[in-house]
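Residue numbers (this note's numbering): 327 to 461.
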């Protein structure tokens, strides 16, 4: 369990450096300062939740809270993806801010998946896919 916490703290360190975010916000579609600020604020909220997970979680609850956090991120990613698809289909417009937010969530999910129990992760993935396609 201590190894999981150590790896989680390392993951927090990686995603909180925002180097990936800087790469995203350097993209020509997010050149507006207000949009860059919105993206950074959004990502800060996600990273703050991850920080809380590393600092305020009882060791006995860590694995479950990690699974819960991943699932929260996954459902948020699905919500953003639905909004992007809706905008594209209905208005024939993409929303670069939503795309960057979803991309950042993907980055965090992939980092978290490296330290999660594979069997439990597979169950969560199956559950989230089932949910995604019953809408």
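Cβ coordinates follow ideal geometry from the N, Cα and C atoms, glycine included.
Three-state secondary structure assigned by DSSP to residue i
{"i": "residue 399", "result": "helix"}
{"i": "residue 383", "result": "coil"}
{"i": "residue 378", "result": "helix"}
{"i": "residue 336", "result": "helix"}
{"i": "residue 404", "result": "helix"}
{"i": "residue 443", "result": "coil"}
Residues of its chain near residue i, where Cβ-Cβ distance is below 7 Å and the 5 sequence neighbours each way are ignored
{"i": "residue 402", "result": "431"}
{"i": "residue 441", "result": "330, 333, 334, 337"}
Own chain residues within Cβ distance below 6 Å of residue i, not counting five before or after
{"i": "residue 395", "result": "379"}
{"i": "residue 419", "result": "413"}
{"i": "residue 383", "result": "391"}
C-beta atoms of residue i and residue j nearer than 8 Å
{"i": "residue 341", "j": "residue 399", "result": "no"}
{"i": "residue 393", "j": "residue 444", "result": "no"}
{"i": "residue 458", "j": "residue 385", "result": "no"}
{"i": "residue 454", "j": "residue 388", "result": "no"}
Contact between the region 408-425 and the region 373-387 (3+ Cβ pairs under 8 Å): no
Segment contact, 8 Å Cβ cut-off, at least three pairs: the region 418-437 with the region 449-457: no
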